[in-house]
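Each step along the sequence shown adds one to the number in numbering that gives the first Met the number 0, with nothing skipped, and position 277 is 276.
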Amino acid sequence: MKIGRCYLSWIVAIAICLQVVAVRGSEWKDRGEAEGKLTWYASLGATDARRIIDRFKELYPRIDAQFYRAGDAQLMERILAEARAGKYDWDVVSTTGFYAYNLKKRGMLAAYDSPERKFIRAGHKDPQAAWTSIYTNYTVLGYNSRLVTQDNVPKSHADLLKPIWKNQVGIVQTGYEWFAVMLQGMGQEKGIAFMRALAKQQPQLRNGRTLLAQLVSAGEVNSALAAYSQNFENLKRDGAPVDWVPLDPVYGNLNPMGLSARAPHSNAGKLFIDFVLSKAGQETIRAQRRVPDRIDVLPDPPKLAQGLSAVFTADEVYANFDRYVKLFQDTFGSK
């Protein structure tokens, strides 16, 4: 009899929880539709942002969902300029980790513990629920598979210090966060020693990871360090002679999304965040050849996220970011 009562209590508890979630979701939907508008500030590509917005509008046609797209720095400048003018036009923002850190520090992000957050990988969400990453770029070593034999594919960062790699490694010239996280993952002393030794290999500094991947594909350099795995996977899928390998530590470049602390349409904003973190939203992101952060939506191919021991940027790095920028520039001679 006791077992029956416990079982019944358990069933009732689950039913109540499901009802609460359903009611809360319905409330956001009704209130979001009553607000009738949503403004999303996004730093990802305009085409990808449009696809996400269009999918959301298919589900919630009563909400006039719009987006404004700009680079991370320009997006931050616009947000700060609007705040100084007493304007709060945006409801949701998606940007990179450095800017999400600064928005949170300034109190410009509201805590929102979306029910979809439980499906997002550990380490990909803010402990205080100020933001949740919607996709991650993982840095790897990409290489030209015609020019680099399997015997010479590096198994560690230390392998890049061998003579055969001299003048044959490309690095993005603004790889400050990657640089800082490598020092964080390797340990400051060991990390700095490696970077200085790597600089003696005369790596090629280039502007942008997509460009670097294309240069590797064309054979202008044999490899690219701190490159994004999906860039090489996409080129490989299209027939280019490239491949990639993760070298520990792998830097995971998060792309957080958060709700404005002064959102004029906060319920629509919550509804939009729920959608982007949902299975349907993450599948939309996967279709854009990105690496979604939801545990039950694996990227295509799955190896883009499986088996990687990612290291994320610590708050200490962001708090002292100028120091790491200068150290990178002094080490590699870039400005």
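All C-beta atoms, glycine included, are put in the ideal place defined by N, C-alpha and C.
So, is residue i buried or exposed, given that buried needs 16 or more other C-beta atoms within 10 angstroms?
i	result
Ala318	exposed
Gly141	buried
Ala225	buried
Ser308	exposed
Ala21	Note that Ala21 has pLDDT 38, beneath the 50 cutoff, so the model's placement of it is unreliable and no number is given.
Ala262	buried
Gly238	exposed
Glu176	buried
Ser265	buried
Asp321	exposed
Thr148	exposed
Glu34	buried
Leu17	Any reading at Leu17 is ruled out, since the residue's pLDDT is 35, under 50, leaving its predicted position unreliable.
Arg289	buried
Ala72	exposed
Ala84	exposed
Do residue i and residue j have their C-beta atoms within less than 9 Å of each other?
i	j	result
Val92	Gly257	yes
Ser222	Leu303	no
Leu204	Phe331	yes
Asp90	Ala267	yes
Ile272	Thr95	no
Arg116	Lys103	no
Phe66	Phe178	no
Val171	Gly207	yes
Val152	Val244	yes
Tyr250	Val310	yes
Ala99	Gln127	no
His156	Phe193	yes
Val220	Gln305	no
If you compare alpha carbons, which of the options is closest to residue i?
i	options	result
Asp338	Tyr59, Pro60 and Phe97	The structure shown does not extend to residue 338, since the chain is modelled only from 0 through 334, so no value can be given for it.
Ala82	Leu108, Asn143 and Pro126	Leu108
Leu37	Met181, Arg61, Ile163 and Lys278	Arg61
Leu276	Val324, His264 and Asn254	Asn254
Pro114	Leu43, Glu282 and Lys278	Lys278
Leu210	Asp112, Asn230 and Ala198	Asn230
Asn233	Asp299, Ala260 and Lys86	Asp299
Asp329	Ala69, Leu197 and Arg105	Leu197
Arg68	Gly85, Glu57 and Arg50	Arg50
Gln201	Arg195, Lys165 and Arg289	Lys165
Leu74	Leu58, Tyr59 and Leu43	Leu43
Lys199	Ile163, Tyr137 and Leu146	Ile163
Lys28	Asp150, Leu58 and Lys325	Leu58
Glu32	Ser333, Tyr323, Val316 and Lys269	Lys269
Residue i and residue j look like a contact to me (Cβ under 8 Å); what is the Cβ gap, rounded to whole Å?
i	j	result
Arg120	Ile294	6 Å
Pro248	Gly184	3 Å
Ala343	Lys56	Nothing can be reported for residue 343, as the shown portion of the chain is limited to 0 through 334.
Arg145	Pro240	4 Å
Leu182	Gly174	So it is not a contact: roughly 12 Å between Cβ atoms.
Asn252	Asn136	4 Å
If you drop the 5 nearest sequence neighbours on each side, which residues of the same chain put their C-beta closer than 6 Å to that of residue i?
i	result
Gln287	Asp47
Ser259	Trp89 and Asp90
Pro291	Tyr134, Gln281, Ile284 and Arg285
Just to confirm my understanding: we take residue i, look at its own chain, exclude 5 residues before and 5 after, and list those with CB closer than 7 Å. What are they?
i	result
Lys296	As written in the sequence, residue 296 is Val, which differs from the Lys given in the question. Cβ within range, chain order: Lys278, Gln281, Glu282 and Arg285.
Arg195	Thr330
Ala129	Lys103, Leu108, Ala110 and Gly257
Lys325	none
Could you name the residues of the same chain whose beta carbon sits closer than 8 Å to that of residue i, not counting the 5 residues immediately before and after it, in chain order?
i	result
Asp88	Thr38, Glu81 and Pro263
Ile78	Tyr40, Trp89, Val92, Leu102 and Met107
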